[in-house]
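Working notes, beginning with the structure itself.
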Amino acid sequence: MSDYDPLREHLSHQTKVEFVLSLEEIEDILGFALPRASQRASWWEKERNPENARPQRDAIRDGGYEATRLADGKGVRFRRLSAGRYRPR
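Using the UniProt record's numbering, read the sequence shown as starting at 1 and increasing by one per residue.
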């Protein structure tokens with residue numbers, strides 16, 4: 001069980017290939033304030049090293065998406081993973 005399971009569930013029910021959520025919308029989904037680290041783009045983006053796995057990244061991937069923080073820092077773009085890259089747990 002992860003604190004980010006509500007985000008995973010939300011994403012797994014989406015049908016859009018790509019969409020944006022504001023940080024406030026993500027906090028509403030989660031039920032808590034995001035940590036300061038969420039202001040960094042690297043906090044959202046897929047890990048390049050499995051040793052750097054983070055629960056928010058796992059939740060996003062397990063929900064079938066990859067995430068990129070918007071340049072203005074006010075939201076996150078979610079893009080559906082291709083079938084070969086999406087492996088629900």
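Positions of the beta carbon are idealized from the N, C-alpha and C atoms, including for glycine.
All figures in this text were calculated on a predicted structure; none of them were measured in a lab.
- In the three-state DSSP reduction, A67 falls in the strand class (E or B).
- Bridge pairing for F78: F19 and A67 [DSSP].
- Inter-residue distance for R36 and L23 is about 11 Å (C-alpha atoms, whole angstroms).
- The beta carbon of I26 sits closer than 7 Å to those of L7, L34 and V76, all from its chain and outside the five residues before and after it, given in chain order.
- Residues of the same chain with a CB within less than 6 Å of the CB of G63, apart from the 5 flanking positions on each side, are R8, L11 and S12 in chain order.
- For H10, the uninterrupted alpha helix (DSSP H) run begins and ends at D5 to S12, by DSSP.
- Distances from the CA of S82 to each of L30, R61 and S38 were compared; the closest alpha carbon is that of R61.
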